[in-house]
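Worksheet: one structure, shown below.
Numbering (the numbering used here), first residue to last: 5 to 366.
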């Protein structure tokens, strides 16, 4: 629970004895007029993103302000910045991100940090709490500070994770939980194939599918075979030398994170009641999924993963128990945000690309 002062004398005495606490209460908002943030004002290549000074946000009565320690440059950031979206989703992309220019100039879909100040009605978090959060399409995490609603997808950081690791929990972990459990109805002993197993979402899917007791086959390139095996995959298909759709195996679930296993390619690899989970697909996948799902007992599920505080807490518990640990590819300082975007643009990242914020003075 958050400490409340009952009168001005008690407040003054507490502040005189606790200077650091003063810096980290809601009164501290006066001391942070501006902050650094990675900003983009037009769509385009990595170079459109640059670090600028922007106004520091102040929390409302039911909000917290987090001093961000780390965030990630995800495929979601790449799509928002470049407007490179799945086939048929171009107009929808502009509706979400902004028709002519970015609606939200600060990217960043997930973060970790320390609660620096809280609104007067906040009861869930205290100043000094270490937290991670999922921003989704709201973004805004590529900044030194961010304001979040108290009931937003936020949870405490497990003791066994660094800020860098905690920042990468949500993007892949949320999708893995949502698709496997809610949409895939995964059961122990089922055979699960993960296409694109070495990315942010793929590495999460491998670990969490194994947790649910599945027999996991991971599809990746040669250089990532050892990685996905270490994450728990029972079988690995190197797509540079083998086509999983031609090996005669049947799977109860196929999760496609790469967009290279559409229905026409994956259908013959599904069991009689198998499900194709389209994590990355175009408009046609979403429109035709209900039609295709009526044929032969097989299903195609194409949707968007949801997030919540409860799901974040679930991810935190999985991480605390050593079941799920985000894979970190590279770590960049905020000042090298364009380089981080450029690396993501190559399409060759393994796990997550993390950015860290400057060290702020007390």
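The beta-carbon is built from N, C-alpha and C at its ideal position, and this holds for glycine as well.
Note that the structure is a prediction, hence the values are computed from the model and not measured.
Sequence-distant residues of its chain with Cβ nearer than 8 Å to residue i (five each side left out)
{"i": "residue 334", "result": "344, 347, 353, 357, 358"}
{"i": "residue 33", "result": "Low confidence applies here, because residue 33 scores a pLDDT of 41, under 50, leaving its location unreliable; read the following figure in that light. 60, 62, 63, 69, 121."}
{"i": "residue 326", "result": "164"}
{"i": "residue 225", "result": "202, 242, 243, 244"}
{"i": "residue 88", "result": "82"}
{"i": "residue 313", "result": "155, 156, 157, 158, 159"}
Cβ-based burial, residue i [other Cβ within 10 Å; buried from 16]
{"i": "residue 49", "result": "exposed"}
{"i": "residue 228", "result": "buried"}
{"i": "residue 152", "result": "buried"}
{"i": "residue 329", "result": "buried"}
{"i": "residue 256", "result": "buried"}
{"i": "residue 212", "result": "buried"}
{"i": "residue 103", "result": "exposed"}
{"i": "residue 363", "result": "exposed"}
{"i": "residue 123", "result": "buried"}
{"i": "residue 351", "result": "exposed"}
{"i": "residue 30", "result": "Since pLDDT at residue 30 reaches only 42, below the 50 mark, its modelled position is unreliable, and no value is offered."}
Rounded straight-line distance, which links the Cα of residue j to that of residue i
{"i": "residue 323", "j": "residue 43", "result": "31 Å"}
{"i": "residue 150", "j": "residue 129", "result": "15 Å"}
{"i": "residue 179", "j": "residue 331", "result": "15 Å"}
{"i": "residue 375", "j": "residue 82", "result": "The requested residue 375 does not occur in the structure, where the chain is confined to residues 5 to 366."}
{"i": "residue 195", "j": "residue 165", "result": "30 Å"}
{"i": "residue 148", "j": "residue 183", "result": "32 Å"}
{"i": "residue 22", "j": "residue 361", "result": "With a pLDDT of only 36 at residue 22, under the threshold of 50, the placement of this residue in the model should not be trusted, and no figure is reported."}
{"i": "residue 143", "j": "residue 71", "result": "15 Å"}
{"i": "residue 190", "j": "residue 46", "result": "41 Å"}
{"i": "residue 220", "j": "residue 210", "result": "7 Å"}
{"i": "residue 336", "j": "residue 171", "result": "13 Å"}
{"i": "residue 342", "j": "residue 349", "result": "10 Å"}
{"i": "residue 355", "j": "residue 186", "result": "23 Å"}
{"i": "residue 263", "j": "residue 40", "result": "35 Å"}
{"i": "residue 131", "j": "residue 218", "result": "41 Å"}
{"i": "residue 216", "j": "residue 238", "result": "14 Å"}
{"i": "residue 127", "j": "residue 309", "result": "28 Å"}
{"i": "residue 80", "j": "residue 86", "result": "10 Å"}
{"i": "residue 53", "j": "residue 192", "result": "45 Å"}
{"i": "residue 252", "j": "residue 51", "result": "46 Å"}
{"i": "residue 272", "j": "residue 84", "result": "34 Å"}
{"i": "residue 240", "j": "residue 214", "result": "14 Å"}
Whole-number beta carbon distance between residue j and residue i, since they are thought to touch under 8 Å
{"i": "residue 284", "j": "residue 260", "result": "6 Å"}
{"i": "residue 320", "j": "residue 168", "result": "Incorrect: roughly 15 Å between the Cβ atoms, too far for contact."}
{"i": "residue 158", "j": "residue 116", "result": "Actually they do not touch by this definition, with Cβ atoms about 10 Å apart."}
{"i": "residue 154", "j": "residue 62", "result": "Not a contact, Cβ separation roughly 15 Å."}
{"i": "residue 249", "j": "residue 269", "result": "5 Å"}
{"i": "residue 173", "j": "residue 146", "result": "Wrong, their Cβ atoms sit about 17 Å apart, outside the cutoff."}
{"i": "residue 205", "j": "residue 176", "result": "4 Å"}
{"i": "residue 133", "j": "residue 119", "result": "4 Å"}
{"i": "residue 201", "j": "residue 232", "result": "5 Å"}
{"i": "residue 141", "j": "residue 114", "result": "About 12 Å; that fails the 8 Å criterion."}
{"i": "residue 317", "j": "residue 188", "result": "With a Cβ gap of about 21 Å, residue 317 and residue 188 do not count as contacting."}
{"i": "residue 282", "j": "residue 311", "result": "Not quite, the Cβ-Cβ distance comes to about 18 Å (not below 8 Å), so this is no contact."}
{"i": "residue 315", "j": "residue 197", "result": "With a Cβ gap of about 24 Å, residue 315 and residue 197 do not count as contacting."}
Sequence-distant residues of its chain with Cβ nearer than 6 Å to residue i (five each side left out)
{"i": "residue 301", "result": "276, 277"}
{"i": "residue 254", "result": "275"}
{"i": "residue 108", "result": "143"}
{"i": "residue 57", "result": "38"}
{"i": "residue 243", "result": "223"}
{"i": "residue 136", "result": "116, 161, 170, 173"}
{"i": "residue 78", "result": "113, 175"}
{"i": "residue 230", "result": "none"}
Cβ neighbours of residue i in the same chain (closer than 7 Å, five flanking residues each side left out)
{"i": "residue 339", "result": "55"}
{"i": "residue 265", "result": "199, 258"}
{"i": "residue 105", "result": "45, 46"}
{"i": "residue 125", "result": "65, 66"}
{"i": "residue 234", "result": "none"}
My parser needs the beta strand (DSSP E) runs of 3 or more residues fully inside the segment 150–208; what are they? Runs found: 158–160, 195–199.
Which runs of the beta strand (DSSP E), 3 residues or longer, sit entirely within the segment 326–360? 332–337, 356–360
Could you give the uninterrupted runs of the alpha helix (DSSP H) lying entirely in the segment 208–288, keeping only those of 4 residues or more? 229–234, 267–270
Enumerate, from N- to C-terminal direction, the unbroken alpha helix (DSSP H) stretches of 4 or more residues contained entirely within the segment 46–128. 79–86, 94–101
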